[in-house]
Amino acid sequence: MSAWFDAYGCDPVREGLVVGAVPRDADDVAVLRSLGVTRVVCLVADEEYGSGDRRAVEAAYDAAGIAEDRVPSEDFGRLPAATLEASSALVADALAAGGTVYLHCRAGWQRSVVTAAAVVGRTTGEAPAEALAVVRSARRDACPLPHQVEDLEAWWAGRSGPGRATDRPV
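The letter at position 39 of the sequence shown is residue 39 when you use the UniProt record's numbering, and the numbering goes up by one with no holes.
Shown next as C-alpha cells:
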C-alpha cells in the first residue's frame, strides 16, 4: 500500500459507499477491490497524481475489473453546482444499480466529503447539515472548507422543490 493511501485511508460512509484518498498504485487498488468496490468516482485532476501514478492506477482498475468515472475538480477549490450534480448523480446511479462505489479526492477530507454529503442528500432527502453529519460520523478526519459547504448548500437550494430534492432512492 502506498504511504499516501496508508496515511489518509478510506472509510465506508453508508451501504455501498466508501470515501477516501486517491489511490496511488496497484496495491491501493487491491485494497479497494477487497472492499468490494466495483466503481470509482474520481474528483482528482491529472496534475494531482505523482509521476506515473495515474497510468498505474488506470491499469490496476482495468486488471481488477473496476470501472472509473472522473469529475475533476480543483483541490481546495469551489464545487460548482454542475460538479456536485454530475458527481453525486454518478454515485447515486451506481448505488441504485447495486454496486459499491469508491468516491475520492486527494486526501478524502474535503471535495469527496462534500460530494458524499450531496449523495446522501439526494438519496435520502437530508438537508446539507444533516448529510454532512452522516459523512463526518464515518469519516472522522473530514474537514470540508467553508466555501465548499456553501457550495453544497447552494446546490441543494437549487434542487429544492417538488420532486427535485430526492430523485434517486437507494
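Note that the Cβ used here is the ideal one computed from N, Cα and C, for glycine as well.
Item	Value
From Gly-99, Arg-78, Arg-55, Ala-97, residue whose alpha carbon lies closest to that of Thr-115	Arg-78
Asp-46 (DSSP reduced to helix, strand or coil)	helix
Bounding residues of the beta strand (DSSP E) (the contiguous stretch that carries Asp-75)	Careful: Asp-75 lies outside any beta strand (DSSP E) and carries neither H nor E.
Under the three-state DSSP convention, the category Glu-68 falls into	strand
Contained alpha helix (DSSP H) runs [length at least 4] in the UniProt domain "Tyrosine specific protein phosphatases" (74–150), N- to C-terminal order	81–96, 111–124, 128–138
Burial state of Val-170 (16 or more Cβ within 10 Å)	Here the model assigns Val-170 a pLDDT of 47, short of 50, so the residue's position is not dependable, and the following value carries that caveat. Buried: at least 16 other Cβ atoms inside 10 Å.
Residues near Gly-20 by beta carbon distance below 6 Å, same chain, minus five either side	Gly-9, Cys-10, His-104, Gly-108
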